[in-house]
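For any residue, its number in the numbering used here is found by taking its place in the sequence shown, counting from 1, and adding 14. The C-beta atom is built at its ideal place from N, Cα and C for all residues, glycine as well. Just below is one structure, and these are the notes that go with it.
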Amino acid sequence: MESKPNPKTFAVFGHLDGIEAARTLESQSHSVILLPKPVVATVKFEKGVAEKLKRLHEFDWIVFVDRLAANHFFIAAHGAGLPALNLDELRICAVGESVVRELRKRFVHSDLICHSREPARIIGSIMNYSGDDKGNRTLIISGNDARPAFESFSAGSVYIETIPVYDLAFDPSGEPGKTLALINGGAVDSILFCSVDDVLAYGKLVSGRIGADVIADTQFFSTDADTHEGAAVLGISSRLFRP
Numbered sequence: 015m016e017s018k019p020n021p022k023t024f025a026v027f028g029h030l031d032g033i034e035a036a037r038t039l040e041s042q043s044h045s046v047i048l049l050p051k052p053v054v055a056t057v058k059f060e061k062g063v064a065e066k067l068k069r070l071h072e073f074d075w076i077v078f079v080d081r082l083a084a085n086h087f088f089i090a091a092h093g094a095g096l097p098a099l100n101l102d103e104l105r106i107c108a109v110g111e112s113v114v115r116e117l118r119k120r121f122v123h124s125d126l127i128c129h130s131r132e133p134a135r136i137i138g139s140i141m142n143y144s145g146d147d148k149g150n151r152t153l154i155i156s157g158n159d160a161r162p163a164f165e166s167f168s169a170g171s172v173y174i175e176t177i178p179v180y181d182l183a184f185d186p187s188g189e190p191g192k193t194l195a196l197i198n199g200g201a202v203d204s205i206l207f208c209s210v211d212d213v214l215a216y217g218k219l220v221s222g223r224i225g226a227d228v229i230a231d232t233q234f235f236s237t238d239a240d241t242h243e244g245a246a247v248l249g250i251s252s253r254l255f256r257p
């Protein structure tokens, strides 16, 4: 059920949809703090990656950890001059329904859908699905900061490799440090996500920088069901609310 919050101080990201939502919130007597605008760039493949992608059949699973990873993987492959990659005969794990939809645009079928972005949950889901004979060689397609978290699970008979395909940063004019100080200081009652990408941006913005007590006291809202599901994948409980 959609929630109608009492007047609060909301934080929204400073892109076009966020600015429009901010204007509507202010017209409803809410206060609004604009979070720095996310800036996403495709990462060029490292040396040797293009050749590796021509041998994708050597991996038991290909995992796309979020919508941005799914989108920028194909952008990066095109930029590297690779022909259309045939993923039909590979086992594909999509993390969240937003990844399923993104891959479907490329006519790629998802064999397994994992509803958590936690590396241990993803690898565990693959092993449970595959049994003992599959899942030992897994390729993770992700942002450029996910490699240590996933590759720490590579041990013994389990081999994990990560290919970063996008970089998520923030417009410095949005003063990320000041924004974090406001959140940590309790100036923000609620965070409004306008898209799945907003959820990813929030995770990057606050990672290791916000106290657990602050997060516990913050209410999270999503403008639609897709964003609500995307928040749940990152372990964020949100309520539906369209300003």
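For Pro52, the secondary structure class from DSSP, reduced to helix, strand or coil, is strand.
Counting every other CB atom within 10 Å of its CB across the protein chains shown gives Arg131 a total of 16 or more, marking it as buried. In the three-state scheme derived from DSSP, where H, G and I count as helix and E and B as strand, Phe184 is classed as strand. Taking a cut-off of 8 Å on C-beta distances, the region 245-253 does not touch the region 81-95, as fewer than three cross pairs fall below it. Rounded to the nearest angstrom, the Cβ distance from Ala245 to Phe207 is 6 Å, consistent with a contact under 8 Å.
In the DSSP assignment, Val247 falls within the unbroken alpha helix (DSSP H) covering 239-247.
When Asp185, Ser187, Ala64, Phe255 are compared, the shortest CA-CA separation from Gly95 is found for Ala64. Per the Cβ contact rule, the region 52-60 is not in contact with the region 35-42 (fewer than 3 Cβ pairs under 8 Å). Checking the DSSP bridge columns, you'll see Phe78 partnered with Ala108, Ile155. For Thr23, the enclosing beta strand (DSSP E) has its first and last residue at 23-27. Using a Cβ-Cβ distance cut-off of 8 Å, the region 64-80 and the region 100-110 are in contact, since at least three pairs of beta carbons, one from each stretch, lie closer than that value. Ranked by how close their Cα comes to the Cα of Gly138, the residues Asp181, Tyr216, Val77 have Val77 in first place.
Contact between Ala25 and Ile224 does not hold, since their C-beta atoms are separated by about 12 Å, which reaches or exceeds 8 Å. With distances taken between CA atoms, Ser45 lies nearest to Ser204 out of Arg256, Gly145, Thr241, Ser204.
Taking a C-beta distance under 9 Å as the contact criterion, Leu214 and Pro50 do not qualify as a contact pair. Following the DSSP letters along the chain, one finds Ser139 inside the alpha helix (DSSP H) bounded by residues 133-144.
According to DSSP, residue pairing for Phe207 in a beta bridge involves Ser236.
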